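Beneath this line is the structure, given in structure tokens, with notes to follow.
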Amino acid sequence: MKKLFAFATLLVALFSLAACGGSRDIDTLTVLFVPSRDAQEILDTTAPLAELLKAELAELGFNVNEVVIQVGSSYEAVGEGMIAGTVDVGFLPGGTYALYSGDGEIDVILASTRGGLNKDSANAADWNDGLPTEGDASNQVTYYRSLLVAGPSAVGRALADKVNAGQELTWEDFNSATWCIQSPTSSAGTIYPSVALFNRFGNKVSDLNSTVAPGGYGPSMASLAAQNCDVATIYADARRDYAEAWTTTYGRPASIWAETDVILVTDGIFNDTISVSNETVNAALKEALQEAFINIIGTDVGKEIFAIYNHQGYKVVTDEDYEAARTAQSILQD
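Just so you know, we're using our numbering here: the sequence shown kicks off at 528 and counts up by one.
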């Protein structure tokens, strides 16, 4: 009788473990990359990941029979597969994660990192000390910012003077300028500037009186230098990238740091994610995957694997970090 009771207790425990997704024996773990590069190139570069991930998870107590690495046919296909539970782990851009995670069926576990900058203030005037913005590889960050930069035109200088004097710019101030923007799907060039304007004034970039899309950040900086636009929307280190061209190709008499000023700083645009399906990945496996991917990218082989996506490291983030991306999605859908 005691043996029967013990056996019944064991069955209940095993059933409870399985019911809560607690099993540490996994037949297949499916990992999908989005097709942001050639699919075969991604598969060739990431080929060592399967065995590395199995080994790391084994060290953390999860026995995985097979790790399947695939490339989705589209960004949407990866997101939809995760919602359906046919994809366990997905490498999703921040915007794609925000779009597909609203109902809680997908959860972010890591964000990729890259070297930050020596300036990261949300206060625009703090960027305007006349000194170059410099990279800081020792400071790995999970996001970058978009900047609204005023150029050397009369309108641009008037806007910069107000910001540097500690005055708040009004919608009329912004609307008085001609803006160089990027395509509607550009995070730094259009989407996050729209979020910043919407949060402050209830208006978007599309509500401005005068905008032009020169066709890239280089053409935007050239137009700013030529005073064909007064303000340009750029990623935070764009001035550094175009500092030499400013005085050579674009023919300006002084440095880009002397002739441009930041007039608005957006929220952080969070980097690419590693996300998981809540249909198939439980809390314990999430933690193990976090540790496993951080360990892998800390190796030389891991750095080579993830270089295809320009990922230099990974840090733990939460769903709340992508709330601005959801705001951006909702604004764009209005």
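From the three backbone atoms N, C-alpha and C, an ideal C-beta is built for every residue, glycine too.
Fair warning: this is a prediction, and the values are worked out from it, not measured in the lab.
{"query": "Determine the DSSP secondary structure at residue 672, reduced to helix, strand or coil.", "result": "coil"}
{"query": "Within 10 angstroms of the Cβ of residue 765, are there 16 or more other Cβ atoms? Answer buried if so, exposed if not.", "result": "buried"}
{"query": "Span of the alpha helix (DSSP H) holding residue 581?", "result": "576-586"}
{"query": "By Cβ distance, which residues of its chain are closer than 7 Å to residue 657, with the 5 residues on each side in sequence left out?", "result": "784, 785"}
{"query": "Any idea what DSSP makes of residue 857, helix, strand or coil?", "result": "helix"}
{"query": "Residue 696: buried (16+ other C-beta within 10 angstroms of its C-beta) or exposed?", "result": "buried"}
{"query": "Of all the options 633, 655, 671, which has the alpha carbon lying nearest to the alpha carbon of residue 677?", "result": "655"}
{"query": "Between which two residues does the alpha helix (DSSP H) harbouring residue 704 extend?", "result": "No alpha helix (DSSP H) holds residue 704; DSSP gives it neither H nor E."}
{"query": "Which stretch, first to last residue, makes up the beta strand (DSSP E) that contains residue 599?", "result": "Premise fails: residue 599 is in no beta strand (DSSP E) and is neither H nor E."}
{"query": "Taking 8 Å as the limit between beta carbons, can you name the residues of its chain near residue 732, skipping five residues before and five after?", "result": "706, 708, 717, 720, 721, 724, 738, 760"}
{"query": "Pick out whichever of 615, 601, 624 has its Cα sitting closest to the Cα of residue 848.", "result": "624"}
{"query": "Taking contact to mean at least 3 C-beta pairs separated by less than 8 Å, is the region 552-570 in contact with the region 818-827?", "result": "no"}
{"query": "Applying the 10 Å Cβ sphere with the 16-neighbour rule, what's the burial state of residue 855?", "result": "buried"}
{"query": "Can we say the region 814-821 touches the region 583-595, given the rule of at least three CB pairs closer than 8 Å?", "result": "yes"}
{"query": "Taking residue 841 as part of the beta strand (DSSP E), name the residues at either end of that continuous run.", "result": "840-842"}
{"query": "So, with DSSP's three-state summary, where would you put residue 635?", "result": "strand"}
{"query": "My parser needs the beta strand (DSSP E) runs of 3 or more residues fully inside the region 778-847; what are they?", "result": "788-792, 800-804, 840-842"}
{"query": "If you follow the beta strand (DSSP E) that residue 617 is part of, which residue opens it and which one closes it?", "result": "616-619"}
{"query": "Does DSSP put residue 734 in a helix, in a strand, or in coil?", "result": "helix"}
{"query": "Can you give me the Cβ contacts of residue 702 inside the same chain, cut-off strictly under 7 Å, excluding the 5 residues immediately before and after it?", "result": "735, 736"}
{"query": "Grab me the residues of residue 605's own chain with a C-beta within less than 7 Å of its C-beta, minus the 5 sequence neighbours each way, in chain order.", "result": "559, 561, 599, 614, 617, 619"}
{"query": "For the structure I just gave you, are there three or more beta carbon pairs, one from the region 792-804 and one from the region 662-670, closer than 8 Å?", "result": "yes"}
{"query": "Under 8 Å between the Cβ atoms of residue 769 and residue 742?", "result": "no"}
{"query": "Going by DSSP, what residue range makes up the beta strand (DSSP E) through residue 556?", "result": "552-560"}
{"query": "Using only the alpha-carbon positions, how far apart do residue 845 and residue 788 sit?", "result": "33 Å"}
{"query": "Residue 635: which of 642, 622, 641 sits nearest, CA to CA?", "result": "622"}
{"query": "Helix, strand or coil for residue 531 per DSSP?", "result": "In this prediction, residue 531 scores a pLDDT of 41, lower than 50, which makes its location untrustworthy; the coordinate-derived value is nonetheless stated afterwards. Correct three-state label for residue 531: helix."}
{"query": "Looking at residue 808 and residue 637, is the spacing between their C-beta atoms short of 8 Å?", "result": "no"}
{"query": "Short of 6 Å in beta carbon distance, which residues of its chain neighbour residue 652, apart from the five on each side in sequence? Order them along the chain.", "result": "690, 691"}
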